[in-house]
Each structure stands twice: as C-alpha cells, then as structure tokens.
Amino acid sequence: MLYRQLGKTGIELSNLGFGCMRLPVIDHKPEKINYPEGIKLLHHAIDHGVNFVDTAYFYHATVFGQKGESEPFVGEALSEGWRKKVHLATKMPLFYLKQKEQMDTFLKEQLERLKTDYLDFYLLHGLNGETWERMKALGVREFLDKKISEGKIRFPAFSFHGQVEDFIKICDEYNWTYGQIQYNYMDVNFQAGYKGLKHAYEKGIGVVVMEPLKGGKLTQKIPHEMMSVFDAFPVKKSPAEWALRFVWNEPGVSSVLSGMNSMEQVVENLITAEEGIPDSLNKDELLIFDQLRNSMGSKIKADCTECRYCMPCTSGVDIPDVLAALNNACIWNDPNPWLTGYVSIKGKAGKCTECRDCEGICPQGLPISSLMKEAVTLFKG
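Each residue of the sequence shown is one higher than the one before, counting from 350 in my numbering.
(1) Flag this pair as yes or no: are the beta carbons of LYS440 and HIS474 separated by less than 7 angstroms?
(2) Pick out whichever of THR526, PRO373, LYS695 has its Cα sitting closest to the Cα of GLY359.
(3) Quick check on PRO373: does DSSP put it in helix, strand or coil?
(4) Going by other Cβ atoms of all chains shown within 10 Å of its Cβ, with 16 needed for buried, is TRP704 buried or exposed?
(5) Between SER607 and GLY368, is the Cβ-Cβ spacing less than 7 angstroms?
(6) Give the list of continuous alpha helix (DSSP H) stretches no shorter than 4 residues that lie fully inside the stretch 600-653.
(7) Would PHE455 and PHE504 qualify as a contact pair, given that the criterion is a beta-carbon distance under 7 angstroms?
(8) Near GLN540, which residues of its chain fall below 8 angstroms by C-beta distance, leaving aside the five closest residues on each side in sequence?
(9) Who are the Cβ neighbours of GLN451 in its own chain at under 8 angstroms, not counting the five residues just before and after it?
(10) Given SER603, which residues of its chain have a CB within under 8 angstroms of its CB, disregarding the five upstream and five downstream residues?
(11) Are the CB atoms of LEU468 and VAL615 within a distance shorter than 7 angstroms?
(12) Please list the terminal residues of the continuous beta strand (DSSP E) segment that includes HIS474.
(13) Under 7 angstroms between the Cβ atoms of VAL374 and ASN364?
(14) Exposed or buried, which one is GLY366 when buried takes at least 16 other CB atoms within 10 Å?
(15) In three-state terms, what does DSSP make of HIS548?
(16) Excluding five sequence neighbours on each side, which residues of the same chain lie with their C-beta closer than 7 angstroms to the C-beta of PHE638?
(17) Measuring straight from C-alpha to C-alpha, what distance separates CYS653 and LYS552?
(18) Put SER664 into one of helix, strand or coil per three-state DSSP.
(19) Provide the residue span of the beta strand (DSSP E) that contains PHE507, from first to last.
(20) Have a look at MET350 and CYS656 and give me their C-alpha separation to the nearest angstrom.
(21) Out of MET660, PRO421, LYS632, point me to the one whose CA is closest to GLY696's CA.
(22) When burial is assigned at 16 or more other CB atoms within 10 Å of the CB, is LEU635 buried or exposed?
Written as structure tokens, this is what we have:
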C-alpha cells in the first residue's frame with residue numbers, strides 16, 4: 350500500500366480509504382447490513398494496508414436523511430483491537446442541527462455508536478455556502494476547537510456539495526485538516542472540482558476524494574460511447590483502474606474513498622492502489638480522459654456554456670447550475686440529486702415562472718423555461 354501526507358498534519362493516509370456507505374446488505378435493504386460479509390471485507394482491506402475508514406450518521410438508513418446503520422457496523426467491525434489500526438472519520442449530521450447544544454448531543458451519540466472514545470476526523474457533513482453560514486452562526490468553529498482540546502476529536506474536516514467559490518471561502522475561514530469532495534474524470538469542473546482541489550492543496554489542506562467512480566457509473570453499465578474509447582486505446586486497464594488512476598495522479602489528493610461491497614472490488618482496488626503514484630500517467634494516457642469526456646457530448650441535454658448572461662434570474666433560479674444537473678442526469682440516465690449536484694442548488698427549477706426573459710439573452714438560444722419544466726419533472730420538484 351502506498352501512503353500520502355494529509356495536509357500539514359504529518360499523518361500518512363493510505364492511498365485507498367474504505368468508505369462505509371455501500372456495504373453489502375441483505376435482501377437489498379440498506380438498513381440490513383450483512384455484518385459477517387462486511388467485516389470480512391473491511392478486515393481484509395486493513396490487513397492489506399488500508400488505514401482510513403469513513404462513515405456518517407446517515408449512511409445505510411432506510412430513507413436518506415434518517416439515522417443509519419453504518420456507524421454501529423463500523424463500531425462492531427473495529428472492536429477487539431481493530432480501531433487502533435485505522436484513522437476513523439465520521440460526520441456531524443447538519444440536516445438535524447438547529448441549536449448549538451445539539452452538537453454535543455450528536456457527538457456523544459456517535460462516539461457511543463462507534464464504540465470509541467475519540468474520532469481522528471470529525472467532518473461537517475455536506476457543507477455548501479448556505480449551511481456554512483448557518484453553522485458559523487451556531488458557533489461550530491468554537492465547538493470544534495473545544496472538542497479538540499478535550500481530546501474527543503483529533504482533527505476537524507468537512508465534506509462538500511456546493512459551488513467552488515463557497516469551497517474556497519470555507520477553506521479560508523477555519524483551520525481545516527481536509528476537505529472531502531466529489532472528484533473523478535467526468536467531474537473536474539463539478540462542485541469544488543479541480544479549482545477547489547488546487548486551492549486546498551496550495552493552502553496545505555488535505556483533499557479526500559469521494560465518488561471517484563461516480564457512484565459506480567464509471568465501472569458498471571458504461572455507455573458504449575465510452576467503452577469504444579477504452580477498446581481503441583492500446584494500453585488495457587479496467588474502467589475502474591482508469592478512473593482511480595486519474596484521481597491518484599493528482600498530487601493534491603490525500604486519499605481516495607471507495608465504497609466497496611464485494612471481495613472482488615476490494616482486491617482489485619488494493620492492486621490498483623499500489624500503482625497510484627502522483628504524476629505517473631504519461632501524456633497519451635492522460636489524453637484518454639479528454640476523449641472519454643468528449644465521447645459523452647451527444648448525451649448533453651442543454652448545450653450551456655455557463656456564460657451566465659441569464660443571471661441573475663428575477664425568480665431566483667440558478668439557471669446554469671440547474672442545466673448542469675440536468676445534463677448530468679441525462680448523460681448517466683440517473684436523476685440522483687447528489688451525484689448530479691441538484692441537491693446543492695439553492696435556486697431550484699421549481700422557482701421558474703416562465704417569464705422567458707433569460708431566453709432572449711441566451712447566446713445559445715436555449716429553451717430555458719422548457720428545460721426548467723423537465724428538471725422539475727426529472728428531479729420530482
């Protein structure tokens with residue numbers, strides 16, 4: 350296993366981290382984690398050098414946004430000495446937080462669920478510009494400082510789903526250990542993207558990557574347009590290997606989380622992690638990622654160049670962001686609001702009043718009001 354420095358901490362994280370959001374389950378029910386199989390996978394990864402485990406309060410819930418079963422599973426899996434072998438991360442459930450006092454309540458509960466006296470990393474879960482302002486007003490920075498001094502948290506961090514400008518602002522307004530972002534070869538300009546990654550790296554803040562395989566879409570049921578690019582390239586790697594090598598090629602990445610739910614996935618990722626050296630891909634190999642992105646151009650629903658002539662919308666719709674999410678959904682035939690970025694958009698499509706003022710100034714001549722209707726239908730409001 351290869352290891353990388355985590356920002357300014359001096360900690361070395363394994364190239365590959367074990368994300369506990371997609372553990373093996375029974376009867377396709379997310380709340381019914383298959384404990385024997387899941388523990389087997391996690392222990393195998395740790396035995397082969399993985400020293401970073403990530404979970405959250407919501408993972409493996411019956412319905413997203415409810416309390417999930419991932420933290421209790423991790424607590425059980427890391428009992429009997431396994432906890433000492435890893436750096437453990439979980440996340441403050443911001444969705445539920447309305448009062449400052451709840452921060453203590455949740456942290457105490459999470460420590461109990463995880464069967465540990467301390468967390469190596471405690472993340473603010475799913476920050477964007479709006480939630481960061483709300484959490485600052487509640488005193489979250491002071492809370493984190495206090496819990497660090499008490500030894501309950503070793504290092505503060507955050508996961509992010511928002512616009513790159515907000516990511517940069519958040520990085521600059523607290524002494525973070527790392528930011529966790531969605532990043533893969535299809536999402537270099539998505540949310541924090543490469544620009545955010547570079548900013549964090551230059552500030553000495555670590556970057557942990559989630560969704561390096563875009564929720565499995567870069568490995569399973571890959572569109573034939575992309576497979577033809579893989580097939581034509583003389584160097585043969587699996588789609589998963591290509592995707593992971595792309596992320597590991599970036600020096601600013603501290604570790605890559607993968608939600609593995611089969612031994613086949615664990616073994617393949619462990620092998621690939623041994624080759625994940627920064628700046629190790631040559632010019633021809635890097636070219637394949639441009640070809641892969643270009644191959645999906647025909648699936649784009651709205652040819653928006655993000656010139657933002659349509660902004661600000663008088664009704665408060667974040668038009669370019671909605672169109673970007675709509676394109677993501679059409680490319681992958683999946684309206685998942687998290688992977689498409691729709692969940693983090695403040696001005697959602699439902700605010701559109703069909704005034705069509707934006708259509709008169711759009712250089713691309715897009716039927717924006719009709720596209721907003723499609724987005725409302727696709728994302729169910």
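Positions of the beta carbon are idealized from the N, C-alpha and C atoms, including for glycine. None of these values were measured; they are calculated from a predicted model.
To lay it out plainly:
(1) The residue labelled residue 440 in the question sits at position 91 within the sequence shown. The residue labelled residue 474 in the question sits at position 125 within the sequence shown. Yes, they are a contact pair.
(2) Residue 359 sits at position 10 when you count from the first residue of the sequence shown. Closest by alpha carbon: THR526.
(3) For this step, residue 373 is matched to residue 24 along the sequence shown. The answer is coil: DSSP assigns PRO373 none of H, G, I, E or B.
(4) Indexing the sequence shown from 1 puts residue 704 at position 355. Before going on, a small fix: residue 704 reads as Cys here, not Trp. Under this definition CYS704 is an exposed residue.
(5) Walking along the sequence shown from the start, residue 607 turns up at place 258. Walking along the sequence shown from the start, residue 368 turns up at place 19. It is a contact, given that the beta carbons lie within the stated cut-off.
(6) 612-622, 632-644
(7) Translated into positions along the sequence shown, residue 455 becomes position 106. Translated into positions along the sequence shown, residue 504 becomes position 155. No; because the gap between Cβ atoms is not below 7 angstroms, this pair is not in contact.
(8) Translated into the one-based positions of the sequence shown, residue 540 becomes position 191. Closer than 8 angstroms at Cβ, skipping near neighbours: PHE509, HIS510, GLY511, GLN512, VAL513, PHE516, ILE530, GLN531, GLY690, SER693.
(9) Residue numbering aside, residue 451 sits at position 102 when the sequence shown is read from its first letter. So the list reads TYR445, once near-sequence residues are dropped.
(10) Taking the first residue of the sequence shown as position 1, residue 603 is located at position 254. So the list reads ARG353, GLN354, LEU355, GLY356, LEU362, TYR527, GLY555, VAL556, VAL557, once near-sequence residues are dropped.
(11) Working through the sequence shown from its first residue, we reach residue 615 at position 266. Working through the sequence shown from its first residue, we reach residue 468 at position 119. Taking 7 angstroms as the Cβ cut-off, VAL615 and LEU468 do not qualify as a contacting pair.
(12) Translated into the one-based positions of the sequence shown, residue 474 becomes position 125. Looking at the DSSP string, the run of the beta strand (DSSP E) that includes HIS474 is 468-476.
(13) By 1-based counting over the sequence shown, the position of residue 374 is 25. By 1-based counting over the sequence shown, the position of residue 364 is 15. No, the pair does not count as a contact, with Cβ atoms beyond the cut-off.
(14) As a first step, residue 366 must be located in the sequence shown, where it is residue number 17. GLY366 should be labelled buried.
(15) Translated into positions along the sequence shown, residue 548 becomes position 199. Three-state DSSP puts HIS548 in a helix.
(16) Along the sequence shown, one-based indexing puts residue 638 at 289. Same-chain partners within the cutoff: TYR534, PHE595.
(17) Position 304 of the sequence shown, counting from 1, holds the residue named residue 653. Position 203 of the sequence shown, counting from 1, holds the residue named residue 552. About 32 angstroms.
(18) If you number the sequence shown from 1, residue 664 lands on position 315. Here SER664 sits in coil by DSSP.
(19) As a first step, residue 507 is located in the sequence shown; it is residue number 158 there, counting from the start. 502-509 is the extent of the beta strand (DSSP E) around PHE507.
(20) Residue numbering aside, residue 350 sits at position 1 when the sequence shown is read from its first letter. Residue numbering aside, residue 656 sits at position 307 when the sequence shown is read from its first letter. Going from the Cα of MET350 to the Cα of CYS656 covers about 44 angstroms.
(21) Here the question's residue 696 lines up with position 347 in the sequence shown. The shortest Cα separation from GLY696 among MET660, PRO421, LYS632 belongs to MET660.
(22) Stepping through the sequence shown from its first residue, residue 635 is reached at position 286. Exposed.
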